[in-house]
Structure formats: structure tokens, C-alpha cells
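**Student:**
In this note's numbering, the protein residues as written are 1 to 78.
#1: Is it true that the CB of residue 63 sits closer than 8 Å to the CB of residue 27?
#2: Can you tell me the Cα-Cα spacing of residue 50 and residue 68, whole angstroms?
#3: Go through its chain and collect everything with a Cβ distance to residue 31's Cβ below 8 Å, but skip five positions before and after it.
#4: Please list, in chain order, all residues of the same chain as residue 48 whose beta carbon is under 8 Å from its beta carbon, the five residues on each side excluded.
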């Protein structure tokens, strides 16, 4: 199995394999909720305010951050 934590002391097991699926599933739920909110605000109410832009940005940032972490994780392992 690939070592997730690079500086882990011997004898200590990483819980990353259990934590990562939880983070991914919660991120997917947040993206779906944000997409539904944007759909309602744009198509039904015809209003898309500053608060919606902030929510959209706060949803996109963790996704971009996860992409960066995965990129550097794979770059370091190869």
C-alpha cells in the first residue's frame, strides 16, 4: 500500500485511508447543494447576488486545493 504520510514514525498507522473517503463524500454533497442553490437562484428567482458568488467561491476553493494536493502527492511519489 502507498504510504500517505511521508514522515510517519514506525509503528504508527495513518488514518488517511479512512479520512479521505469521508472528505470526498462531504465535498460531493457540498457541490450538489451549491449547484442546486445556484440553479434555483438563477433559473427560478432570476437573482444571483453577492452571497451566491461567495458560496460559489467557497465551494470551488476546496476542490482546487484537493487537486493541488493530489498533484503534489503524485509528483512526489514518482
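Note that the Cβ used here is the ideal one computed from N, Cα and C, for glycine as well.
**Tutor:** Inspection of the coordinates gives the following:
#1: yes
#2: 27 Å
#3: 59, 63
#4: 38, 41, 42
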